[in-house]
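Heads up: the sequence lines are chains R and A, in that order.
For the first sequence, this note's numbering gives the first residue as 1, with consecutive numbering after it.
For the second sequence, this note's numbering gives the first residue as 1, with consecutive numbering after it.
Worksheet: the structure to be examined is printed underneath.
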Amino acid sequence: MSGAATTADPIAVRDNRATAIQVALWGSLAIFAVLILFGAFTTDGFLTTTNVKAILSSVAFVGMIAVGTALIMISGNLFSLAVGSTAAACAMSFLALLPDGIVLAIVATIALGAVLGLIQGLLVGGIGANPIIVTIGAASLIQGVALWASSGATLVPPKGDTSYEWLNGHILTIPVPVYILFGAVILLDLLLRRSRFGRQLKLVGENREAARAAGLPTTWIITGAFVLAGVFTAIAGVELGAFNESGSLLIEGNLTYDAIAAAVVGGVAITGGRGTVWQALGGAILIAVISDILLLRDYSEGVQILVKGVIVFAVVILTRLNRMRLES
Amino acid sequence: METRTAQKLLEVRHASKSYGAVRALDDASLELAAGEILGLCGHNGAGKSTLVKILTGQVRPDSGEILMQGEPIEMRNSLQAQSHGLAIVDQELSLAPDLSVEENLFLGNIDLSFLRRPGAIRRRARDLVERIGLDVDPRTPVQRLSIGERQLVEIARLVGRDARVLILDEPTATLSESEIERVFTVARELVREGRSAIFVSHRLDEVLDLCDRVTVLRDGRVVAARSTADIADRQELIKMMIGKELPPPQRSEAVEVAAGSGAVIEALTVPPAVQGFAHEIRGGEIVGLTGQVGSGTSEVLRALAGLEPEARGTLLLDGQPVKLGSPTGALRAGIAFASNDRKAEGLFLEKTVEANLVATRLPALSRLGLVRHRALRETARKLADFVKIDASRLGDTVEHFSGGNQQKVFLGRCLDRGDVKLLILDEPTRGVDVSGRAEIHQLIREAALAGVAVIFASTELDEILELSDVVVTMFGGQIVASLPREQTSAELISADMTMSHGSGKEREAAAPAQEGADR
Numbered sequence: 001m002s003g004a005a006t007t008a009d010p011i012a013v014r015d016n017r018a019t020a021i022q023v024a025l026w027g028s029l030a031i032f033a034v035l036i037l038f039g040a041f042t043t044d045g046f047l048t049t050t051n052v053k054a055i056l057s058s059v060a061f062v063g064m065i066a067v068g069t070a071l072i073m074i075s076g077n078l079f080s081l082a083v084g085s086t087a088a089a090c091a092m093s094f095l096a097l098l099p100d101g102i103v104l105a106i107v108a109t110i111a112l113g114a115v116l117g118l119i120q121g122l123l124v125g126g127i128g129a130n131p132i133i134v135t136i137g138a139a140s141l142i143q144g145v146a147l148w149a150s151s152g153a154t155l156v157p158p159k160g161d162t163s164y165e166w167l168n169g170h171i172l173t174i175p176v177p178v179y180i181l182f183g184a185v186i187l188l189d190l191l192l193r194r195s196r197f198g199r200q201l202k203l204v205g206e207n208r209e210a211a212r213a214a215g216l217p218t219t220w221i222i223t224g225a226f227v228l229a230g231v232f233t234a235i236a237g238v239e240l241g242a243f244n245e246s247g248s249l250l251i252e253g254n255l256t257y258d259a260i261a262a263a264v265v266g267g268v269a270i271t272g273g274r275g276t277v278w279q280a281l282g283g284a285i286l287i288a289v290i291s292d293i294l295l296l297r298d299y300s301e302g303v304q305i306l307v308k309g310v311i312v313f314a315v316v317i318l319t320r321l322n323r324m325r326l327e328s
Numbered sequence: 001m002e003t004r005t006a007q008k009l010l011e012v013r014h015a016s017k018s019y020g021a022v023r024a025l026d027d028a029s030l031e032l033a034a035g036e037i038l039g040l041c042g043h044n045g046a047g048k049s050t051l052v053k054i055l056t057g058q059v060r061p062d063s064g065e066i067l068m069q070g071e072p073i074e075m076r077n078s079l080q081a082q083s084h085g086l087a088i089v090d091q092e093l094s095l096a097p098d099l100s101v102e103e104n105l106f107l108g109n110i111d112l113s114f115l116r117r118p119g120a121i122r123r124r125a126r127d128l129v130e131r132i133g134l135d136v137d138p139r140t141p142v143q144r145l146s147i148g149e150r151q152l153v154e155i156a157r158l159v160g161r162d163a164r165v166l167i168l169d170e171p172t173a174t175l176s177e178s179e180i181e182r183v184f185t186v187a188r189e190l191v192r193e194g195r196s197a198i199f200v201s202h203r204l205d206e207v208l209d210l211c212d213r214v215t216v217l218r219d220g221r222v223v224a225a226r227s228t229a230d231i232a233d234r235q236e237l238i239k240m241m242i243g244k245e246l247p248p249p250q251r252s253e254a255v256e257v258a259a260g261s262g263a264v265i266e267a268l269t270v271p272p273a274v275q276g277f278a279h280e281i282r283g284g285e286i287v288g289l290t291g292q293v294g295s296g297t298s299e300v301l302r303a304l305a306g307l308e309p310e311a312r313g314t315l316l317l318d319g320q321p322v323k324l325g326s327p328t329g330a331l332r333a334g335i336a337f338a339s340n341d342r343k344a345e346g347l348f349l350e351k352t353v354e355a356n357l358v359a360t361r362l363p364a365l366s367r368l369g370l371v372r373h374r375a376l377r378e379t380a381r382k383l384a385d386f387v388k389i390d391a392s393r394l395g396d397t398v399e400h401f402s403g404g405n406q407q408k409v410f411l412g413r414c415l416d417r418g419d420v421k422l423l424i425l426d427e428p429t430r431g432v433d434v435s436g437r438a439e440i441h442q443l444i445r446e447a448a449l450a451g452v453a454v455i456f457a458s459t460e461l462d463e464i465l466e467l468s469d470v471v472v473t474m475f476g477g478q479i480v481a482s483l484p485r486e487q488t489s490a491e492l493i494s495a496d497m498t499m500s501h502g503s504g505k506e507r508e509a510a511a512p513a514q515e516g517a518d519r
């Protein structure tokens with residue numbers, strides 16, 4: 001790129017630069033793809049149905065939250081840093097309500113997720129508060145209330161209760177949460193593409209001021225995105241509660257950041273307005289595939305986490321390169 | 001001009017630039033002598049912006065060269081352009097509003113060491129501010145200045161950097177008449193010092209007034225480069241720009257006013273910009289609102305559109321009260337609003353023409369919350385046809401459209417006559433070329449003919465006089481005069497908006513028709 005900078009012909013320099021960006025972009029994409037494919041085909045046990053199922057299972061919970069996060073991202077409000085806490089609190093509420101019957105437990109827990117989303121959505125969409133600050137606050141509030149209400153105890157399902165076992169079951173040897181995840185993705189994809197709400201969500205996400213001036217109900221659209229994110233996070237919470245058969249704040253783990261990473265890696269625009277729930281799911285699967293390869297090859301957990309960071313960085317750089325390519 | 005020499009300061013030779021299949025600039029050449037002001041004219045899409053971007057190093061031509069004092073120069077970025085003495089006063093000002101005038105003056109000035117004593121900087125700032133005839137303390141934060149004053153600060157900054165060629169890109173679009181005069185005076189003075197200027201504008205009278213020569217672009221090509229002394233009037237210039245003569249503006253003389261329809265505004269107050277605004281806009285009537293920047297015209301329109309939460313007062317639309325402060329409520333009541341900032345507050349730039357056109361109509365185009373695609377497409381096609389956008393472009397993103405076409409897409413959303421009762425337009429033709437302007441005016445008239453009440457604001461007197469049935473002039477947040485078009489004139493309006501009536505005689509002559517004035 002710099003080698004040509006001294007020549008007198010400015011056109012050659014411009015073309016060189018454009019070409020350099022192109023090469024960098026497609027080159028890194030190719031290397032990325034080759035690495036994954038190479039890893040996949042040369043790793044013993046990768047291409048087995050058992051392993052594919054394991055990957056899908058590992059995506060089931062975080063994928064659900066990533067899909068909800070994608071909606072918030074598309075609305076132009078970054079993400080909620082409270083999704084992990086929401087999922088943990090919902091797992092706890094589900095287990096706490098199980099003695100009153102599983103239907104009530106599920107419905108009430110999903111309602112709880114919706115309310116938690118509603119509160120954050122009203123603050124962000126209604127009074128224009130910064131989503132990062134709001135959701136940091138929300139995370140603390142949720143954790144505090146959950147800890148206080150449970151008196152710090154770990155919740156477990158009632159002895160002998162098997163009403164929730166179907167959530168851990170398999171249909172055609174694939175875990176139930178995987179079906180729920182794909183059902184959710186198909187539903188939300190239709191919502192985004194076909195519904196009035198979905199269309200308006202993308203408009204608000206791209207230019208909130210223009211949407212407001214045009215008279216779109218921006219407050220309700222943004223709040224809607226947060227409520228939906230809350231609902232799908234709550235469903236993940238229910239699944240997590242059933243899966244772990246114990247509920248405490250520890251469930252949160254890295255769920256929040258993993259969900260955000262999945263949406264970003266999948267290509268949902270962090271600036272809002274563009275993206276699909278399929279992309280968020282794709283991002284979650286990509287991360288899971290790479291973690292799986294590393295796991296099968298006996299790399300330590302440290303390396304697995306490190307590689308996740310590398311992937312996010314790579315995506316950020318690729319997105320930027322692509323943007324530069326479009327602009328030049 | 002005595003300093004004018006035959007020597008060419010800046011020269012562009014055979015520059016071409018294509019964006020994909022679009023040839024934005026086609027073998028364009030341009031010359032600029034020292035001490036000369038050159039006008040650059042052409043409609044949107046003619047290649048002006050591309051040429052300006054080439055001169056400021058933001059875009060590199062596919063072929064051709066740029067010479068400074070006969071030497072070929074290379075410009076790979078705006079920093080390099082600056083080092084060659086080329087500087088632009090942009091449409092969107094690049095000042096930091098929170099910093100003071102002097103901080104802005106030396107912002108990004110690489111020659112100035114941080115270790116210099118503040119006293120020296122202040123002296124230089126004072127000197128610069130004085131030179132451009134700006135009467136402010138250099139320590140004032142820029143956000144407290146009017147747009148016109150900011151423009152002067154921007155010019156001072158470039159002078160401080162020793163710019164030899166100042167490029168003024170539509171500098172007057174947001175200025176009032178007196179502020180424009182000030183900018184022009186400064187420009188003339190700088191040129192007398194031996195600098196040169198390129199003035200890019202849609203306002204042809206200003207071009208003829210200010211410039212020594214003018215270069216006209218059409219479809220990416222230079223179609224004329226003439227001395228302004230040889231150009232009789234703006235009609236002649238328009239002819240060069242569009243290659244044909246424009247039909248004279250049409251105006252339906254008899255305004256069909258539907259009884260009882262339209263908007264009644266009473267005691268509208270938007271703190272601190274507007275106090276006690278009251279007026280009536282009958283269905284079929286076009287009310288033109290004018291005043292200097294800061295007179296409150298924009299705030300009145302924004303309040304009517306529900307965008308000013310602090311607004312108080314009443315608005316009746318066809319006899320029904322409309323709650324102020326809710327844009328959604330305004331839309332439902334049948335109010336359409338087009339902001340003066342189509343990029344920040346109008347268009348969804350990365351979305352398609354279709355998505356932009358139907359953005360406000362989704363509720364009507366959905367059933368049970370699901371969008372009816374066929375109905376949506378039909379509506380978009382109808383609106384595109386209405387504003388004369390080629391239906392084949394419905395799937396294109398508006399980002400790469402020219403200013404005029406963007407404005408048409410934006411207005412297309414508001415101009416459909418079916419459900420709109422009150423049409424509010426803030427600077428409807430800002431940054432739009434002559435022919436686009438005529439089309440947009442025609443669309444606004446058609447809306448009025450269909451019975452829509454129209455209120456628009458413009459700082460261009462031509463536009464006010466051409467389009468309005470009633471001209472309302474504001475000063476300091478209040479109505480100064482409200483006169484039927486036949487009873488007013490450019491002189492009268494200018495006097496009203498600067499509150500500079502000699503003895504007030506002209507006003508008395510027009511007094512009988514006044515309404516709601518002098519409160």
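Note that CB positions come from ideal geometry on N, CA and C, so glycine has one too.
By the neighbour-count definition (other C-beta atoms within 10 Å, threshold 16), V89(A) is a buried residue. One thing to note: D212(A) has its Cβ no nearer than 8 Å to the Cβ of E31(A). Close to Q200(R), with beta-carbon spacing below 7 Å, are these residues of chain A in chain order: L362. Going by C-alpha positions, T488(A) is about 12 Å away from D462(A).
Under a criterion of Cβ atoms nearer than 9 Å, no residue of chain R is adjacent to E280(A); the nearest Cβ is some 23 Å distant.
Put simply, the stretch 349 to 360 of chain A touches the stretch 404 to 418 of chain A. At least three CB pairs are less than 8 Å apart. Looking at the DSSP output, I73(A) sits in a beta bridge with I66(A). Within a 10 Å sphere around the beta-carbon of G144(R) sit fewer than 16 other beta-carbons, which makes this residue exposed. Distance from the Cα of T352(A) is smallest, within the candidate group L324(A), E154(A), I242(A) and H400(A), for H400(A). Note: Q478(A) is bridge-paired with F475(A) in the DSSP secondary-structure output. The beta carbon of L203(R) sits closer than 8 Å to some beta carbon of chain A. By the CB criterion at 8 Å, F94(R) and V238(R) fall inside the cutoff.
The bridge partners DSSP lists for L190(A) come to none. For secondary structure counted as the beta strand (DSSP E) over 3 or more consecutive residues, the stretch 275 to 345 of chain A holds these complete runs in sequence order: 286 to 290, 312 to 317 and 335 to 338.
Rounded to whole angstroms, the separation of the alpha carbons of G194(A) and G85(A) is 13 Å.
Inter-residue distance for L483(A) and A81(A) is about 49 Å (C-alpha atoms, whole angstroms). Contact annotation: Q200(R) and I222(R) have beta-carbon atoms that are not nearer than 8 Å. Counting along the chain, F199(A) sits inside the beta strand (DSSP E) bounded by residues S196 to V200. Residue contact with chain A for S75(R): absent (no Cβ-Cβ distance below 8 Å to any residue of chain A). By the beta-carbon neighbour count (other beta carbons within 10 angstroms, threshold 16), I198(A) is buried.
Between the C-alpha atoms of I65(R) and L286(R) there is a straight-line separation of about 15 Å. Residues of the same chain with a CB within less than 8 Å of the CB of G395(A), apart from the 5 flanking positions on each side, are T352, V353 and E354 in chain order. For S339(A), the chain R residues whose Cβ falls inside 7 Å of its Cβ are A213, in order along the chain. Residues of the stretch 318 to 346 of chain A whose Cβ lies closer than 9 Å to any Cβ of chain R, in chain order: S326, P327, T328, G329, A330, L331, R332, I335, A336, F337, A338, S339, D341, R342, K343, A344, E345 and G346.
In this structure the stretch 6 to 15 of chain A does not lie against the stretch 184 to 191 of chain A, because fewer than three pairs of beta carbons, one per stretch, are closer than 8 Å. Counting C-beta atoms within 10 angstroms of its own C-beta, T172(A) has 16 or more neighbours from the protein chains shown and is therefore classed as buried.
Beta-bridge partners assigned by DSSP to P484(A): V470(A).
Residue environment: T50(R) is assigned as exposed (fewer than 16 neighbouring CB atoms within 10 Å of its CB, all protein chains considered).
Contact of K351(A) with chain R is assigned, a C-beta pair being separated by under 8 Å.
Here the stretch 232 to 242 of chain A makes contact with the stretch 433 to 450 of chain A; the two share three or more CB pairs at distances below 8 Å.
In the DSSP assignment, the residues bridged to G39(A) are F199(A) and V214(A). In the DSSP annotation of this structure, the continuous segment of the alpha helix (DSSP H) that includes D385(A) starts and ends at H373 to F386. Under the DSSP assignment, A224(A) falls in the beta strand (DSSP E) whose first and last residues are R221 to S227. Within the same chain, Cβ atoms closer than 7 Å to the Cβ of L95(A) are found at N104, V142, R150, V153 and E154, the five residues on either side in sequence being excluded. Taking 8 Å as the upper bound for CB-CB distance, D469(A) and I286(A) are in contact here, some 5 Å apart.
Counting the other CB atoms within 10 Å of its CB gives A232(A) a total below 16, which places it among the exposed residues.
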